[in-house]
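Novice: Sending over a structure as structure tokens; questions will come in a sec.
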Amino acid sequence: MKVFGHRGYSGMYPENTMLSFQKAADTGCYGIELDVQLTKDGQLVVIHDETIDRTTDGTGAVVDYTFEELRRFDASAIKGGTHGFQPIPSFEEYCEWVKERDLVTNIEIKSGVYYYEDIEEKTVEMVRRFGLTDRVLFSSFNHASLFRLQQLAPEIPRGALVEYVDLGNAGYYCERYGFQNYHPGVEWLTEENVKNCKAHGVGVNVWTVNDMGVLEKLYEWGCDGVFTNYPGVCKAWLDTREA
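Sequence positions in the sequence shown follow UniProt numbering and run 1 to 243.
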């Protein structure tokens, strides 16, 4: 089972910051999950929410700030500012960092609340510029973005994110529309749907797994990967289990 650091090592460090990504990488986890959005001046930035209120010391929508303006806000505020000043990273900065590391990156396209113009094109261009096409996968709750990514970069696998409820017959759905992976929320996933995905050759990567009992259940069900806020803990458990 593959372990992805969800927004890095977000259980202990400010999410979606370079510090959080480095701490996740230090655990030896398989990969990192992050979120991309666009600034007012069209720059790709790594941040989860469409506003900066929850994760920084600022307020307002990401799309209402230029990249340089966003860099002034402290993304460590979500952890009480105890990790020093942590700026919102650009996606370019992340790509420059990860290209030298043995990590797979799950890139979530945040287009479900605000549909950013050309976000798919810009993300694919950046991935190709840094030679990362064989070390990334895309995901989105907005499956229209996945269809666009299929047109732009058919060689890069895609995962259909599903929120709130499990999708019945998910394996058939993903196979029919060319999604190599199914990304359900852990609270609603059933073993039946895992089996359905397996029957259709679709991988199952589950979010957000922070409970060891749940992790063990997903392991027994044969899930392919988990997104966790505590990649060090999950990686240690899996290493022990598979030893």
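Ideal Cβ placement from N, Cα and C applies to all residues, glycine included.
Is it true that the CB of residue 6 sits closer than 9 Å to the CB of residue 157?
Specialist: No, the Cβ-Cβ distance between residue 157 and residue 6 is not below 9 Å.
Novice: According to DSSP, is residue 243 helix, strand or coil?
Specialist: Correct three-state label for residue 243: coil.
Novice: Return the CA-CA distance between residue 85 and residue 8, expressed in angstroms with no decimal places.
Specialist: C-alpha separation (whole angstroms): 17 Å.
Novice: Ignoring anything shorter than 4 residues or poking outside the stretch 152-231, list the alpha helix (DSSP H) runs there in chain order.
Specialist: Here the runs fully enclosed are 170-176, 191-199, 212-221.
Novice: Run the proximity test for residue 16: is its beta-carbon closer than 8 Å to any non-hydrogen atom belonging to the ligand HEM?
Specialist: Because no ligand of any kind appears in the structure shown, any question about the ligand HEM cannot be addressed here.
Novice: Find out if the Cβ-Cβ distance for the pair residue 4, residue 240 is shorter than 9 Å.
Specialist: No, Cβ-Cβ distance for residue 4 and residue 240 is not below 9 Å.
Novice: In whole angstroms, give me the CA-to-CA distance for residue 119 and residue 37.
Specialist: Going by the C-alpha atoms only, they are around 7 Å apart.
Novice: Based on the DSSP output, what are the partners of residue 104 in its beta bridges?
Specialist: According to DSSP, which records beta bridges pairwise, residue 104 is partnered with 31.
Novice: Going by CA-CA distance only, name the one from 214, 15, 144 that's closest to residue 114.
Specialist: The shortest C-alpha separation from residue 114 is found at 144.
Novice: Once the 5 residues before and after residue 193 are set aside, which same chain residues still bring their CB inside 6 Å of it?
Specialist: Only 166, 170 meet the Cβ criterion.
Novice: Thinking C-alpha only, which one of 35, 182, 93 is nearest residue 163?
Specialist: Selected option, being the one with the closest Cα: 182.
Novice: Does the Cβ of residue 160 have 16 or more other Cβ atoms within 10 Å, making it buried, or fewer, making it exposed?
Specialist: Buried, because 16 or more other Cβ atoms sit within 10 Å of the Cβ of residue 160.
Novice: Based on DSSP bridge pairs, tell me the residues matched to residue 22.
Specialist: Paired residue(s): none; residue 22 is not in a bridge.
Novice: Can we say the stretch 205-221 touches the stretch 13-22, given the rule of at least three CB pairs closer than 8 Å?
Specialist: Flag = no, the stretch 205-221 and the stretch 13-22 do not touch.
Novice: Assess contact between the stretch 44-55 and the stretch 65-73, defined as three or more Cβ pairs (one per stretch) separated by less than 8 Å. Is contact present?
Specialist: Verdict: yes, contact present.
Novice: Span of the beta strand (DSSP E) holding residue 4?
Specialist: Note, residue 4: beta strand (DSSP E), 2-6.
Novice: When the Cα atoms are used, what is the spatial distance from residue 33 to residue 106?
Specialist: If I take the Cα positions, the gap works out to 5 Å.
Novice: Where do the N-terminal and C-terminal ends of the beta strand (DSSP E) with residue 127 fall, by residue?
Specialist: It is not in any beta strand (DSSP E) - residue 127 instead sits in the alpha helix (DSSP H) that spans 119-129.
Novice: In chain order, what residues of the same chain have a beta carbon less than 7 Å from the beta carbon of residue 237, not counting five sequence neighbours either side?
Specialist: Answer for residue 237: 212, 215, listed in chain order.
Novice: Restricting to Cα atoms, I'd like to know which of 147, 152, 188, 89 is closest to residue 176.
Specialist: Selected option, being the one with the closest Cα: 147.
Novice: Could you tell me which residues DSSP puts in a beta bridge with residue 36?
Specialist: Looking at the DSSP assignment, residue 36 forms a beta bridge with 46, 109.
Novice: May I have the straight-line CA-CA distance separating residue 116 from residue 12, to the nearest angstrom?
Specialist: Distance between the alpha carbons of residue 116 and residue 12: 30 Å.
Novice: Determine, using beta carbons only, whether residue 17 and residue 235 come nearer to each other than 9 Å.
Specialist: No; because the gap between Cβ atoms is not below 9 Å, this pair is not in contact.
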